[in-house]
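947 is the number of the first residue of the sequence shown in my numbering; add one for each residue after it.
Everything below concerns the one structure shown next.
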Amino acid sequence: MISVIVPNYNHLQFLPKRLETVFSQTFQDFEVILLDDCSTDNSWELLKQYENHPKVSHCIRNQVNSGSPFKQWKKGLDLAKFDWIWIAESDDFSALDFLERMVKYVEVGVHLIFCSSNEVNENGNLFIPSEEKFPIEGEKFLESSFKMDGKSFVHKWLRYKNYIDNASSAIFFNPRFFPKESLEMRYSGDWYFWIYLLSMRGNVVHISYKLNFFRYHSSTTRVFIDVFKEFEKKIERFSCIQFAHRCIGFKSIFDVMFYQYDYDVKDFFHLNSKFGRFRLRGFFPRIPFFLYPKYYKHFLKSIFE
């Protein structure tokens, strides 16, 4: 009933825990698809030990690194024989009853089910990330379970931030189509995919129980690396924001001028300034057109400071 996709790249130290909490699920009606994106840390050798496991339907290694985790997602979706998918990211792990509790909400019309997550460090110990994870007012909605029309969820929440912030916390109905824009992303392809999935059809269900363990470590995409990669992250974020608004439409100008985007725009302006405030990209930034007033506010302020 569930196709479990484990996309791996250089997560040798985390794979044993990941695989243990997949194969030991109390719900056992699943196949496992193991994918390695040309790892260099011997994790492929570990994955090969499972290629003859009765639950493993595919164990495949790329000869060349794909450059994007979302290309591995698509490969897994194309190989999956079941309609429901769990992207069990190789550096995370789960409660052993994760699938058992999630599949209870599978029904006609539901296309995505996600639960709350525990944040853990490299050693698997619980901790609170230093950054504020959900700065938008009203984030406490995730403390309760709910069912909502997918398009309404995009309009109310997902157009501002990726509240399904860890793919390992979700199972979803395979749309049999993958937006090509996600394939070109390195950081926000999951957000773009959720918007596509939910804005086109189906309902979303949230389970407030913390059944997933989301690992923060030195190579996670949420860790600051350098200005160029942070700039790329922001560009991808704005692509998701613009796509969300394109999917749900605009009711009025007030529908897009909320303060929720203030931090993103301000942060992007400071990053953009590092490449030359008065160059072409400074005057015409790669952000949605409806955020230009917010951007130019910071631009003009910087001139007169």
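C-beta: ideal position from N, C-alpha, C; glycine also.
No experiment lies behind these values; they were computed from the predicted model shown.
- Only exposed fits Val1173, as fewer than 16 other CB atoms lie within 10 angstroms of its CB.
- For Ile1110, there is no enclosing alpha helix (DSSP H), as DSSP marks it with neither H nor E.
- Under the three-state reduction of DSSP output, Ser970 falls in the coil class, being neither helix nor strand.
- Of the candidates Lys1001, Ser1114, Ile948 and Glu997, the residue whose Cα lies closest to the Cα of Ala1041 is Ser1114.
- The C-alpha of Lys1212 is placed about 20 Å away from the C-alpha of His1191.
- Taking 8 Å as the cut-off, the Cβ atoms of Lys1240 and Tyr1207 count as close.
- DSSP places Glu1176 in the uninterrupted alpha helix (DSSP H) bounded by Val1173 to Ile1194.
- Every alpha helix (DSSP H) stretch that sits fully inside the stretch 1087-1140 and reaches 4 residues is listed by chain position as 1096-1099 and 1126-1129.
- In the structure shown, Leu1042 falls within a coil segment according to DSSP collapsed to helix, strand and coil.
- Each of Trp1030, Gly1013, Asn956 and Glu1035 was checked against the Cα of Met947, and the nearest Cα belongs to Trp1030.
- Leaving aside the five residues that flank Gln1188 on each side, the residues in its chain whose CB is nearer than 7 Å to its CB run, in chain order, Pro1234.
- Excluding five sequence positions before and after Asp987, the CB atoms of its chain that fall closer than 6 Å to its own CB belong to Asn956 and Leu958, given in chain order.
- When secondary structure is reduced to three states using DSSP, Ser1014 falls in the coil class, being assigned neither helix nor strand.
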